[in-house]
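Since the structure comes first, as structure tokens, the remarks are kept for the end.
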Ligand code: SRM
Ligand SMILES: Cc1cc2nc3c(=O)[nH]c(=O)nc-3n(C[C@H](O)[C@H](O)[C@H](O)COP(=O)(O)OP(=O)(O)OC[C@H]3O[C@@H](n4cnc5c(N)ncnc54)[C@H](O)[C@@H]3O)c2cc1C
Ligand code: SF4
Ligand code: FES
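Protein chains in written order, with the numbering used here: chain A, 15 to 831; chain B, 1276 to 1392.
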């Protein structure tokens, strides 16, 4: 008969252990109890969800099908109340009883709540579960004042997340410096300055006595009498293991449930794993050691008792871009016989400290630059003798090619700490499964699916060992110019090339084609902010005649109609023009404007003149439109003036070119009537603030835009949009829509390089946008000076009859003034 | 019938470099391309779905100078009139002899469609 295995806790360690059990030969009937209603998800990434980088769906590890496919009963939303070790049953809070043969306790921990008066007020939260994250997301936003109590890893990630949602954030920390379990005083100071430069206020050595306010939190009161205003308070003051049920069942429990090196508890049929355990007096609060425990336990419980858990040197990495922190081992430098090697660079905000004993690394702290963390981790884990490296401990020898530093790592080196994936495993995946992209690697090995901080190391490894990876990176524009777009951008800048032909002559085959010429046209335009030599022969026909070619060789004319707003007079003019030129089809487009289709090329300049409207750029890779809803102008739900804002947005960006077409939307409330969440740039009004979202589309694929930032004023929203717009112009590949662009770069990078960049960087983007805008003009003004020969066929006076008396046509193109 | 006569069409200045310009002549719709030191002329009708080749981008394929049809990016060899991309040896468009003499574009006299029929 099958043995019944009951698992209490549907969290990271418990389910990981079950995954490992499934890899062994086993005959368990498995039931997992979890008091959260969600399927197994990656708790670590709740920080990314709060920061708006990931959706809840993105962080699910095992969906419901996984449970079904593996014959696992999931009992979710059910809290286990008690364990009867004599009867071998567990009882849930709802009163049902389940019998087991073997029991696995993986209850994790709960947030520690310090004795603060009024901690039960509305607006006070903890940050541990998906539900917590949902509540925080629902209440955060521009203008919200948030206080985070606790300056450890969790508190700081919560603080950054809330700030990205638009809150004004203050961190109140009891200790003398931030992250004191991972950093020394100096490290804590460096980190504090980093966070302050990101706009997060930090108060150290501050003890909170009470939450002020009636039923709702209004502020946080400190022992020194200060009160900090807050409508949202997050308690992140540490965790305590969930051991109550184990304790009352009579198991041996100290601070955690006591386990031995096989993860056995004091009862032969009961095992425990995760944050709820205590091993040799030690509690663990990071997944890497817990996963290690899970592997050992899976062997033990399936009758393969042998592997042992022998403790672990966990490494901590703060997942806040721009405030890199890495810490591992024992960094205490006052101990007997230890030496300390340090580097401090206050203006760069970089602090590094190594603790050595007998020429071996015992501890490391990195703040501000954690790029070479894996080197130190390797020294630490493997007890490498550093005598030979003494001269360049903190300054790695220059890396000459990609992957050379990773080449130096031993195969046993753990690349992904969260999932315990070694360099050897990755190389194996490349060689035997042909893995050559990060996505495939994640799929095959789980590397980089935890906190994600090893992604760049994984990538350098792939670069170094996967033969196809190099090719993928070196993707060339086309056969005419065999360089990647990034290289070409660089070449155009450094070699000061201002025309497509120059690039083709020097770096290509001199002729080009329909793929590279339009791309190069864009690259030289944006590189020189419009101050380039425009070569129309390198442009697609649409960009030569400023209209969209149709299947029969005629063209379509879409005038600009900012924000989708028009007037009776304008409509009358459009009607007149349509009749005058016998336009076969007049149609309202999907982008809130009017299309005159089936126009003869020769008629274009005259039509533009008769219309007297601006070009809608519907034919080009450039600024299309800003769709708006009526917003607060008429709508009873409108919270923001979407029409005025949309028109202004369109006015600021119109006439400019972009890597691919750029579509925008502005809506007055989250009902989203003009579909701003599926636009390249969207502004979503809400009471007292705007959400600026980017990277959305509803074309070939549908992608919901990502939050760039939440801001209070319209001007701030327009500026955030401008920063992203110019950043996309400068860094997007030609024909890359924003939905691919943000995925390629990652939203965190996009934010860091735009709205959270330093002031000079932001100013640079805005200045370059202004320069381009000054040089740009409405394409349809060419009606006053059309390019010669562009619109009309060659005319031969006489009919070219056989006596050969053909008059040579003068440059007789019509010039309209 | 004797060799058709060369007739002057227009000054080369009236053809923008590396671009096409159309010519209606003897009931034909012709696309003339100025390739710098020479001109070429093909019928202005893509063999695929009659796309206006004159509006295409001048390109190159396997050493041959081509024009890329603006509608669905087929590449047509400007010398032979043959479609070379997506597949070499695709259907052809008519080509017409053309040359530059003293800055004047010359073409050989055509019989009109009607006469030819
Ligand atoms: C005229 C219009 C349809 C209409 O009758 O409403 C239209 C017509 C064309 N669209 Fe569109 N799109 C039109 C709105 C849209 C919309 C709706 C919107 O903008 O809100 C979308 C989905 C939104 C989006 O892009 O995210 C849309 C998604 C596409 C796509 C798919 C883009 C993608 O990356 O997924 C293409 C193909 C492409 O760009 O590669 C496309 C391409 C085209 C082209 C330009 C195809 C072409 O290259 O010739 C069509 C031109 C037809 C013609 O003969 O003139 N059109 N197209 C709309 C013009 C809007 C305007 O006023 O400028
Ligand atoms: C926001 C955040 C960021 C983090 N970042 C990192 C990081 O960057 N790196 C890192 O290594 N770690 C990080 N951690 C810590 C990491 O998530 C935990 O170490 C890990 O989740 C612990 O796994 P566990 O299975 O022991 O506990 P959990 O994942 O908490 O799982 C325990 C589950 O058991 C349930 N449960 C408890 N009691 C009962 C009961 N009586 N009946 C039924 N169900 C019960 C709980 O509700 C929970 O769902 C982070 C944690 C948070 C909250
Ligand atoms: S949906 Fe297709 S057919 Fe319709 S306009 Fe867009 S591209 Fe043309
Ligand atoms: S009509 Fe020329 S490619 Fe289709």
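Backbone N, C-alpha and C fix where the C-beta goes; we use that ideal spot for every residue, glycine too.
| Item | Value |
| --- | --- |
| Taking residue 1352/B as part of the beta strand (DSSP E), name the residues at either end of that continuous run. | 1350-1352 |
| Since residue 1296/B meets chain A, which of its residues come closer than 8 Å, beta carbon to beta carbon? | 803, 807 and 808 |
| Can you name, in chain order, every residue of its own chain whose Cβ lies under 7 Å from the Cβ of residue 544/A, other than the five neighbours on each side? | 786, 789 and 790 |
| When burial is assigned at 16 or more other CB atoms within 10 Å of the CB, is residue 500/A buried or exposed? | exposed |
| Determine, using beta-carbon pairs with one atom in the segment 517-535 of chain A and one in the segment 583-597 of chain A, whether at least three such pairs fall under 8 Å. | no |
| Decide if residue 165/A is buried, meaning its Cβ has at least 16 other Cβ atoms within 10 Å, or exposed. | buried |
| Helix, strand or coil for residue 27/A per DSSP? | helix |
| Along chain A, which residues have their Cβ under 8 Å away from the Cβ of residue 1346/B? | 563 and 565 |
| Exposed or buried, what is residue 26/A when buried is set at 16 or more other beta-carbons lying within 10 Å of its beta-carbon? | buried |
| Nearest CA to the CA of residue 1318/B: which residue from 1335/B, 1299/B and 1336/B? | 1299/B |
| Over what stretch of residues does the alpha helix (DSSP H) that includes residue 1347/B continue unbroken? | First-last for residue 1347/B: undefined, no H or E at that position. |
| Identify whether residue 560/A lies in helix, strand or coil by the three-state DSSP scheme. | coil |
| Is there a Cβ from chain B that is less than 7 Å from the Cβ of residue 555/A? | yes |
| Given residue 11/A, which residues of its chain have a CB within under 6 Å of its CB, disregarding the five upstream and five downstream residues? | Here chain A has residues from 15 to 831 only, and residue 11/A is not among them. |
| May I ask whether a heavy atom of ligand 1 can be found less than 6 Å away from the beta carbon of residue 604/A? | yes |
| Output, in chain order, the set of chain A residues within a Cβ distance shorter than 9 Å of residue 1377/B. | Under the 9 Å cutoff, chain A gives no residues; its nearest Cβ is about 11 Å from residue 1377/B. |
| Taking the alpha-carbon of residue 40/A as reference, which of 699/A, 712/A, 18/A and 661/A has the nearest alpha-carbon? | 18/A |
| If you compare alpha carbons, which of 686/A, 38/A and 678/A is closest to residue 649/A? | 686/A |
| Using a C-beta to C-beta distance shorter than 9 Å, which residues of chain B count as neighbours of residue 531/A? | 1332, 1333 and 1334 |
| Give a yes or no on whether 7 Å exceeds the smallest Cβ distance from residue 1370/B to chain A. | no |
| Using CA atoms only, rank isn't needed, just tell me which of 632/A, 542/A and 291/A is closest to residue 258/A. | 291/A |
| For residue 528/A, which residues in chain B fall below 7 Å Cβ to Cβ? | 1332, 1334, 1343 and 1348 |
| Relative to ligand 2, is the shortest distance from any of its heavy atoms to the C-beta of residue 146/A smaller than 6 Å? | no |
| Report the neighbours of residue 525/A on chain B: residues whose CB is nearer than 8 Å to its CB, in chain order. | 1333, 1334, 1335 and 1340 |
| Should the segment 649-665 of chain A be regarded as contacting the segment 611-627 of chain A, the criterion being three or more beta carbon pairs within less than 8 Å? | no |
| With DSSP collapsed to three states, give me the class of residue 515/A. | helix |
| Is it buried or exposed for residue 691/A, if we count other Cβ within 10 angstroms and need 16 for buried? | buried |
| So is the beta-carbon of residue 553/A under 6 Å away from any non-hydrogen atom of ligand 1? | no |
| Take residue 221/A and list the residues in its own chain whose beta-carbon comes closer than 6 Å to its own, dropping the five residues that flank it on each side. | 188 and 237 |
| Classify residue 542/A as helix, strand or coil using the three-state DSSP reduction. | coil |
| Compute the minimum distance between the beta carbon of residue 26/A and the heavy atoms of ligand 2, and state whether it is under 6 Å. | yes |
| Under 7 Å between C-beta atoms, does residue 1278/B make it to chain A? | no |
| Just how far apart, CA to CA, sit residue 725/A and residue 683/A? | 14 Å |
| Please identify, using Cβ separations under 9 Å, the residues of the segment 331-343 of chain A that lie next to chain B, in order along the chain. | none |
| DSSP puts residue 1221/B in a beta bridge; with which residues? | Examination of residue 1221/B is not possible in this model, given that chain B is present from 1276 through 1392 alone. |
| Does any C-beta atom of chain A lie closer than 7 Å to the C-beta of residue 1289/B? | yes |
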